[in-house]
Amino acid sequence: MDKHFWTVIRRGLLAGVLGGLVYGAALAYQGRLPFLATLLGGSSVISGISIHLIMSALNGALFSLLVLRQIGQRGEILFWGMVFGVAIWIIGPLTIVPVLTGSLVVWDISVIQKAFPDLIGHIWYGATTAIALSLLRQPRHRTSNDLRKILSSSLWGAGTGLLAIWLMHLLFDPHFQLDFLAVSAAGPDSGVSMLGLILTGATGGLFYSFLYRHAVTSSGGNLVRGMLYGFFMWIAGPLTLMPLLAGYGIHWDVELARIAFKGLPGFLLFGTLLALLYQKASALFRLLFGNTPHELREGSGTVGVRGLLRGTVAGFTGGLLFTFFMLKMGALPMIARLAGGSSSTYGLFVHLLIAIIIGISYSLMFRGQSVDLSSAMGWGLSYGFFWWILGGITLMPLLLGGAPQWGAAQAARAFPSLIGHLAYGSALGIGAFFIERRQNPWWLNKDALLEARTKRELDQLQSSAPALWTLTAILAVLIPALLAV
Amino acid sequence: MHGVKRDMFIGGIAGLFAGLIVGILVQSQHIPMNGLVGLGAGNTGFLLFLFLSTFIGALFSGSVRFKPGMIAPLFSGGILIAFIWWIAGTLSLFPYLNGGSPNWTLREVADGFPALVGYLMFGGLTGLGFYALRRFFDQLVPSTIPSVKFIKKTQIVIVGAGFGGVYTATRLEQLFGDAPDVEITLIGQNNFLLFTPMLAEVASNGLQAQHISAPVRAALKSAQFIRAYVDKIDTNTKKVHYSRNPFAAHQEIGYDQLVLAMGSVPNFFGMPGLQEHAFSLKTLADAIHLRNHVLAMLERADSENDPLEQKRLLTFFVAGGGFAGTEMIAELFDLVHSVLRYYPHVDKKQLRFVLAHAHDLILPEISKRLARYAMETLTQRGVEFLLGKRVSAMAPGKVLFGDGSELETNTPIWTAGNQPHPVLKDIPVEHERSGALLVNENLQVNGINAIWALGDCARIPDPTNPGAFYPPTAQHAMREGRALADNIYASMRKKPLKPFHFKMIGMLVGLGHRTAVAEIRGMQFSGFLAWFMWRTIYLSKLPGFEKKLRVMIDWTIDLFFPRDIVLTEHPALQEQATEKFNAEASSGKEVLNG
Chain G
7 MDKHFWTVIR RGLLAGVLGG LVYGAALAYQ GRLPFLATLL GGSSVISGIS IHLIMSALNG
67 ALFSLLVLRQ IGQRGEILFW GMVFGVAIWI IGPLTIVPVL TGSLVVWDIS VIQKAFPDLI
127 GHIWYGATTA IALSLLRQPR HRTSNDLRKI LSSSLWGAGT GLLAIWLMHL LFDPHFQLDF
187 LAVSAAGPDS GVSMLGLILT GATGGLFYSF LYRHAVTSSG GNLVRGMLYG FFMWIAGPLT
247 LMPLLAGYGI HWDVELARIA FKGLPGFLLF GTLLALLYQK ASALFRLLFG NTPHELREGS
307 GTVGVRGLLR GTVAGFTGGL LFTFFMLKMG ALPMIARLAG GSSSTYGLFV HLLIAIIIGI
367 SYSLMFRGQS VDLSSAMGWG LSYGFFWWIL GGITLMPLLL GGAPQWGAAQ AARAFPSLIG
427 HLAYGSALGI GAFFIERRQN PWWLNKDALL EARTKRELDQ LQSSAPALWT LTAILAVLIP
487 ALLAV
Chain C
220 MHGVKRDMFI GGIAGLFAGL IVGILVQSQH IPMNGLVGLG AGNTGFLLFL FLSTFIGALF
280 SGSVRFKPGM IAPLFSGGIL IAFIWWIAGT LSLFPYLNGG SPNWTLREVA DGFPALVGYL
340 MFGGLTGLGF YALRRFFDQL VPSTIPSVKF IKKTQIVIVG AGFGGVYTAT RLEQLFGDAP
400 DVEITLIGQN NFLLFTPMLA EVASNGLQAQ HISAPVRAAL KSAQFIRAYV DKIDTNTKKV
460 HYSRNPFAAH QEIGYDQLVL AMGSVPNFFG MPGLQEHAFS LKTLADAIHL RNHVLAMLER
520 ADSENDPLEQ KRLLTFFVAG GGFAGTEMIA ELFDLVHSVL RYYPHVDKKQ LRFVLAHAHD
580 LILPEISKRL ARYAMETLTQ RGVEFLLGKR VSAMAPGKVL FGDGSELETN TPIWTAGNQP
640 HPVLKDIPVE HERSGALLVN ENLQVNGINA IWALGDCARI PDPTNPGAFY PPTAQHAMRE
700 GRALADNIYA SMRKKPLKPF HFKMIGMLVG LGHRTAVAEI RGMQFSGFLA WFMWRTIYLS
760 KLPGFEKKLR VMIDWTIDLF FPRDIVLTEH PALQEQATEK FNAEASSGKE VLNG
């Protein structure tokens, strides 16, 4: 074993312990440490915390090995950490712990709901371990120039966060959707609510800039990152910090999560808006004040026309697949109402038109992102999920004259549409991938093309992209776990 | 076994192992198996699950890229594909196969949650298993796939970047895809594909030069492009010799398959003075040069006091009444009349537009009725036709005819003859009288292996008209390019070749002033409708959306504004300045001497 290997293990152990301390504090608060001790025959808090920290350190080392080749900014590792947290939750509390305690492994919904506090705890553990690991991995020497950059990006992030929350306020507050986004159980007092909004925007933006000093270049990549960052904020805000600040403590139980569900779509949309604004504002700043020449490969007109054509074909294909199930569910007349009609035929037309528009936006935003079938499905699925939030439970009710359907009961009714959107998104991603791969960059010859493609594949594998897709899938899975009563 | 198949095999094993682990766990913990697979229960369900696990494992490993050290992406990818399978298979397909509806409601999904957790675990294990097994297999049996750099490549060289050459190259790219054993190289004198049907409009300033030319590099995906002049083709050593510019050192490229699409050059038939004085209309440079020359003539005529000289400056002559000649004279007429108001000293009565044609009717390619219509329309506008006349020589400011007559003009344009590229003459094969290569119905050059030819430089037999050849038009060249590429692909893959056959769609001739004649599938059109067809059909054929857009804008501007007369610098003006300077200098000398 070389020196580098032990450095990786050492960092992982340390990061794991740090992550374990955060989760351990919550376990101590919940009084569940003695239970951990019973797994190895003990019963005291000390043996409980010892077992917890040892397990955390070992898991941290494993995580450090798993993400050995994952590079990039802190945010990239954060998403890997969250996925890792969910994975050890499935392997640990859901599978190994029942085996160790001599009970049956049961994966049904009631057990999942019962283990919900563990899930949130493991996500916290994964996230904090990942951030600790990324800090341990980064170079320690900083110049004054670095500090200036950190300060300016923090201000930039906070400003973008405030802009994003202001836009959310303009769009959704008339429908009283942001109450839970902003305030804890303290009540929907407007003063508190406004302060909550400002705090949410500023801290959300600030922490995002801490995770991403430089915005990721792809709009689609930013969209998915932002959406999942919103998920992280939802766990950090309404599930953890807000109840804690309001004096309710940390319980993470499924009832609380069900009440807090109303804030989840808002946080997901806020995260998306924040990430996109962060990227676009940075790009605008570079364009106006930057002096770094960048290689413009294709004009926006060419890209636009090509995206239009590809997106039309891919969106239509995905839409057709979705149609099959919409017919089965009899949802077409409702779609027709969006454009003032009522018949199924009209609904089909409107549905396919929407599918094409989403297909075009996908083709433009995720251009060049799918390097293989797996990534095509991943990006498509993530985009499908995003459109369930934006289209299915937000825009569609608004266009039908109502308010966004963000409540748990309303989302439960719209649940079949979530599965449809995921299926549509996956088909869209696959379709767009097969069309796009026909168009290779013309400026590269065959050998260079192969090299460029290999590099693109490697870049994506080294980023958080696979973690993002998995996390979207997990988020989609979490929804039925939360909503089913 | 190598590549994707090898990965799928390894992935199948990983899926089977992961399926066994999850399946045994599920069975031992009494989790219902039918929930996991959607169909069957008990041992049937278990076996079905193992089969599905192997299938999903193979599918997963075939759709992801393995990279050493990248454990997390494979773990994550495994979970993702298992999740998608859960939606597509367990929630949708299997219920449908069972005769029901998709299980998409919250209650149904909640009931199927154990299956989901099982699948997520299975996916993660498959990803990790695939990684471990792949590393193990790599050490045990190294992949037999050779590095791309060491593969023996078949070189397909296409000479000529006109319609024939570019369409051959793009079709070959489609057919061979990313095949690492084939290298396609296109050599052209210009780095753009010139849309020749609109060339006359560039010469008449109706369109911008760049707008009718599409960059060849943009049309190619993986083929290599070399901008160069081909000097020699050596069929013994199978090499094409070329130089990047007239002063650069000669280079060479070997070929296994050679496609000759070199087009044609003007043929002056050795007549005196034509090479030196005639304008031709084959290239974009020709069109730009001609446009500048015509404007320079107007500039000079506007300041010319000698009526005879002004008449010569304002006489525009075209030799040849084919497509190019007829469109050229019509466009010149439009250009000059569109800008005439800027030249107040030009006497309109002095303007002459003359077209000479060797036969008694222009446009021999289309029906006589339409040809007569074209001639009458142009005559009514003021174009003069010299029918049955052949040019015999040209001198400065003068065109001489075979019957001894002369025409005073500074603008003689030659469109009456083309010949294949001279380089082709040295290829030791059968040539037609004009120098074109004789090819068989499969577009293979007669008497030599692995050489193919198409377009203006080849004579391709028309099976529907024995003894005749297909005409050298752009619509033929495009189809010939595709057919030729198909035959190269077939010959390399040991498949039968297909003879080329194409029935011409139609002919369109623009007559300027929103008039044209068109013959499409035997139907004849003339006037405004034909002009509209001319524009829409050619616009649709113009390569690239951006170019279409630009040409549309040019045409729209042309509808509402006069043509541009900006002339930055031109030899004809310099010539005038030199003449004036010399005249003044000599008169000064005379004064001094006097």
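For the record, the sequence lines run as chains G and C. In terms of our numbering, the first sequence opens at residue 7 and continues consecutively. In terms of our numbering, the second sequence opens at residue 220 and continues consecutively. Positions of the beta carbon are idealized from the N, C-alpha and C atoms, including for glycine.
By the neighbour-count definition (other C-beta atoms within 10 Å, threshold 16), G/K268 is a buried residue. Here G/L405 is exposed, its C-beta having fewer than 16 other C-beta atoms within 10 Å. Burial check for G/I360: the Cβ neighbour count within 10 Å reaches 16 or more, so the residue is buried. Straight across, the Cα-Cα distance linking G/G227 with G/F85 is about 13 angstroms. Residue environment: G/S432 is assigned as buried (16 or more neighbouring CB atoms within 10 Å of its CB, all protein chains considered). Between G/P486 and chain C, the shortest Cβ-Cβ separation is below 7 angstroms. Between G/P422 and chain C, the shortest Cβ-Cβ separation is below 7 angstroms. The beta-carbon separation of C/V565 and C/L517, rounded to 6 angstroms, stays under the 8 angstroms limit for a contact. No Cβ of chain G is located within less than 7 angstroms of the beta carbon of C/F395.
Within the stretch 372 to 390 of chain G, the residues whose Cβ lies closer than 9 angstroms to some Cβ of chain C are V377, D378, L379, S380, S381, A382, M383, G384, L387, listed in chain order. Three or more beta-carbon pairs drawn from the stretch 135 to 150 of chain G and the stretch 86 to 95 of chain G are found closer than 8 angstroms, and the two stretches are therefore classed as touching.
A straight line joining the alpha-carbon of C/L239 with that of G/T101 spans about 16 angstroms. Assignment of C/E649 by DSSP, reduced to helix, strand and coil, places it in the coil class.
Exposed is the label assigned to C/P647, since fewer than 16 other Cβ atoms lie within 10 Å of its Cβ.
Here G/L280 is not near G/A208, since their CB atoms are 7 angstroms or more apart. In the three-state reduction of the DSSP assignment, C/Y448 falls in the strand class. In the same chain as C/M417, and ignoring 5 residues on each side of it, the C-beta atoms closer than 8 angstroms to its own belong to L426, I431, Y757, L761, V770, in chain order.
For the stretch 737 to 772 of chain C, the full-length alpha helix (DSSP H) segments reaching 4 residues or more read 747 to 760 along the chain. DSSP, read as helix, strand or coil, puts C/W323 in coil. Between C/L730 and C/T596, the beta carbon gap of about 6 angstroms places them in contact (Cβ cut-off 8 angstroms). Beta-bridge partners of G/F178 (DSSP): none assigned. Looking at C/G621, C/N665, C/N511, C/D226, the one whose alpha-carbon comes closest to that of C/G607 is C/G621. If you look at G/P472, you'll find it in the alpha helix (DSSP H) that goes 471 to 489. For C/E584, same chain residues with a beta-carbon under 8 angstroms away, outside a window of 5 residues either side, are G541, F542, P690, M726 in chain order. Listed along the chain, the chain C residues whose CB falls inside 7 angstroms of the CB of G/I118 are F332. Look at the beta carbons and you see the stretch 368 to 386 of chain C touching the stretch 395 to 410 of chain C: at least three pairs across the two are nearer than 8 angstroms. Bounds of the alpha helix (DSSP H) holding C/A702 are 693 to 711. G/Y218 is positioned such that its CB atom lies closer than 7 angstroms to that of G/Q79. The Cβ neighbour count for C/V785, taken over all protein chains shown within 10 Å, is under 16; the residue is labelled exposed. In the DSSP annotation of this structure, the continuous segment of the alpha helix (DSSP H) that includes G/F355 starts and ends at 350 to 371.
Ranked by Cα distance from G/G407, the options G/L173, G/L434, G/L344 are led by G/L344. Between C/A291 and G/L428, the alpha-carbon positions lie close to 23 angstroms from each other. Fewer than three Cβ pairs drawn from the stretch 445 to 453 of chain C and the stretch 567 to 582 of chain C lie within less than 8 angstroms of each other, which leaves the two stretches out of contact. When secondary structure is reduced to three states using DSSP, C/T630 falls in the strand class.
Using a 10 angstroms sphere on the CB of C/S745, the tally of other CB atoms reaches 16 or more, which defines it as buried. When only Cα atoms are considered, G/A482 and C/P333 end up about 15 angstroms apart.
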